[in-house]
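Next up, the structure:
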């Protein structure tokens, strides 16, 4: 990749220590562009701003006015800095946000409503060109809670269209969102998948060993994600209940659950782990250990209700792990049905595929799973496409 003299800011509101998929993407993007000679840094709001925002969010969503809120995040700041390599993480106050961003030639911003409100309040015309990256789905295919229904209302509203107005481009990572943006918003979208290196994740699996022991005499099945509506926690619970009724099956598998959530969800999964010997709950572990954990499992289940392009599935598939997921945008951009995993429609089908896999009725070629990731998410190709996107929108802004 040819070195170009311009600076890129990756902007998002949350602290990188929150450890989600978007945070991983920003970290990897900044590190790899820096390694290629492009100056790229991650800009987030500082702890003071984020703590106030988190309190407001908890008041609105949960009625939590005075209760304790965990804003520290799931990853340590020291670990984040190691992952960033030569790239920088810069935390800013609202007052200094505009000034800090004007030190760059182009801004890549997460598409969250609040993130865009912050930028809009500083005036798009007073900032470098903005590319909006969709890392939170604009549309949730399945909604049960008030919050998820409100999300769909807000992100399809005139207000969100107004927030996008003035941005140069919307970067999308799945084909459904590409069509959605082109149909509903007066801004051009560009589909570029996440760059993903199978070589680097194999190295990570070797270099960051975990002390967790898995039962090698059973089929180890992993769930790794937040215990939340989005990640399909209710489906996970229902699947566990279904499997528990198939006594021959429970003796053949170990369902290993990794992730944290609110107190109610964590209590529920702990109760299930105490009730059923085939369920093991490990809570949250640092992201760096996930690859080594994945290689010790035989199958991943990802019952998410909505996604953009889930890192957890990319990681699993890059290590040759079959994945069962619902047939929704994101997972269906990664998984080749019946070749590298399974895309299902119902909870019954989900449980059925787990049963077939555990009983040896399904066998998938590990090399084909890895090859699919290597071809479709080739990092050199994806980084070149991203760089071209930045250059094209930079040149449009500069005569």
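In this note's numbering, the protein residues as written are 84 to 482.
Note that CB positions come from ideal geometry on N, CA and C, so glycine has one too.
Rounded straight-line distance, which links the Cα of residue j to that of residue i
{"i": "residue 210", "j": "residue 473", "result": "15 Å"}
{"i": "residue 403", "j": "residue 129", "result": "38 Å"}
{"i": "residue 356", "j": "residue 270", "result": "48 Å"}
{"i": "residue 148", "j": "residue 352", "result": "With a pLDDT of 48 at residue 148, under the threshold of 50, the modelled position of this residue cannot be trusted; read the value that follows with caution. Straight-line Cα distance between these residues: approximately 26 Å."}
{"i": "residue 265", "j": "residue 329", "result": "46 Å"}
{"i": "residue 100", "j": "residue 287", "result": "19 Å"}
{"i": "residue 86", "j": "residue 391", "result": "Unreliable placement is indicated for residue 86, whose pLDDT of 48 sits below 50; the coordinate value is still reported in the next sentence. Looking at the two C-alpha atoms, the distance is approximately 30 Å."}
{"i": "residue 428", "j": "residue 268", "result": "29 Å"}
{"i": "residue 227", "j": "residue 316", "result": "12 Å"}
{"i": "residue 207", "j": "residue 216", "result": "16 Å"}
{"i": "residue 261", "j": "residue 314", "result": "22 Å"}
{"i": "residue 186", "j": "residue 475", "result": "19 Å"}
{"i": "residue 294", "j": "residue 189", "result": "43 Å"}
{"i": "residue 363", "j": "residue 109", "result": "31 Å"}
{"i": "residue 245", "j": "residue 192", "result": "16 Å"}
{"i": "residue 361", "j": "residue 239", "result": "42 Å"}
{"i": "residue 366", "j": "residue 118", "result": "33 Å"}
{"i": "residue 320", "j": "residue 457", "result": "33 Å"}
{"i": "residue 181", "j": "residue 212", "result": "13 Å"}
{"i": "residue 349", "j": "residue 340", "result": "11 Å"}
{"i": "residue 202", "j": "residue 309", "result": "28 Å"}
{"i": "residue 432", "j": "residue 385", "result": "13 Å"}
{"i": "residue 441", "j": "residue 132", "result": "48 Å"}
{"i": "residue 283", "j": "residue 194", "result": "28 Å"}
Run of the beta strand (DSSP E) containing residue i, from where it starts to where it stops
{"i": "residue 454", "result": "Element bounds for residue 454: not the beta strand (DSSP E) but the alpha helix (DSSP H), 449–459."}
{"i": "residue 410", "result": "Here residue 410 belongs to no beta strand (DSSP E), and DSSP marks it neither H nor E."}
{"i": "residue 512", "result": "No statement about residue 512 is possible, as the shown extent of the chain runs from 84 to 482 and does not include it."}
{"i": "residue 187", "result": "It is not in any beta strand (DSSP E) - residue 187 carries neither H nor E in the DSSP assignment."}
{"i": "residue 331", "result": "Premise fails: residue 331 lies in the alpha helix (DSSP H), 330–333, not in any beta strand (DSSP E)."}
{"i": "residue 426", "result": "424–427"}
{"i": "residue 303", "result": "302–307"}
{"i": "residue 174", "result": "172–175"}
{"i": "residue 90", "result": "90–94"}
Boundaries (first-last residue) of the alpha helix (DSSP H) holding residue i
{"i": "residue 288", "result": "281–290"}
{"i": "residue 373", "result": "373–378"}
Collapsed DSSP secondary structure at residue i in the structure displayed
{"i": "residue 446", "result": "coil"}
{"i": "residue 217", "result": "coil"}
{"i": "residue 272", "result": "strand"}
{"i": "residue 164", "result": "helix"}
{"i": "residue 318", "result": "helix"}
{"i": "residue 194", "result": "coil"}
{"i": "residue 183", "result": "helix"}
{"i": "residue 260", "result": "helix"}
{"i": "residue 385", "result": "strand"}
{"i": "residue 344", "result": "strand"}
{"i": "residue 435", "result": "helix"}
{"i": "residue 416", "result": "helix"}
{"i": "residue 397", "result": "helix"}
{"i": "residue 56", "result": "The requested residue 56 does not occur in the structure, where the chain is confined to residues 84 to 482."}
{"i": "residue 265", "result": "helix"}
{"i": "residue 350", "result": "helix"}
{"i": "residue 99", "result": "helix"}
{"i": "residue 336", "result": "strand"}
{"i": "residue 392", "result": "coil"}
{"i": "residue 310", "result": "strand"}
{"i": "residue 482", "result": "Residue placement at residue 482 is poorly supported in this model, since its pLDDT is 44, which falls under 50; the coordinates are not used for a value here."}
{"i": "residue 463", "result": "helix"}
Of the listed residues the options, nearest to residue i (C-alpha basis)
{"i": "residue 446", "options": "382, 418, 467, 456", "result": "382"}
{"i": "residue 204", "options": "286, 101, 178", "result": "178"}
{"i": "residue 307", "options": "329, 370, 258, 235", "result": "370"}
{"i": "residue 123", "options": "140, 133, 94, 139", "result": "94"}
{"i": "residue 455", "options": "405, 186, 274", "result": "405"}
{"i": "residue 468", "options": "132, 245, 254", "result": "254"}
{"i": "residue 176", "options": "157, 115, 169, 126", "result": "126"}
{"i": "residue 92", "options": "99, 102, 173", "result": "173"}
{"i": "residue 102", "options": "121, 89, 135, 163", "result": "163"}
{"i": "residue 289", "options": "346, 220, 377, 114", "result": "377"}
{"i": "residue 107", "options": "90, 166, 135", "result": "166"}
{"i": "residue 337", "options": "368, 296, 347, 373", "result": "296"}
{"i": "residue 197", "options": "225, 112, 242", "result": "242"}
{"i": "residue 250", "options": "137, 283, 214, 282", "result": "214"}
{"i": "residue 368", "options": "105, 423, 157, 199", "result": "157"}
{"i": "residue 322", "options": "396, 408, 292, 301", "result": "408"}
{"i": "residue 318", "options": "115, 434, 183", "result": "434"}
{"i": "residue 394", "options": "114, 105, 412", "result": "105"}
{"i": "residue 410", "options": "398, 399, 388", "result": "388"}
In the region 224–252, which residue ranges form an unbroken alpha helix (DSSP H) of at least 4 residues, counting only runs that do not cross its ends? As far as the region 224–252 is concerned, its whole alpha helix (DSSP H) runs of at least 4 residues are 229–238, 241–247.
Entirely enclosed alpha helix (DSSP H) segments - the region 102–149, minimum 4 residues: Whole alpha helix (DSSP H) segments, 4+ residues: 104–118, 130–145.
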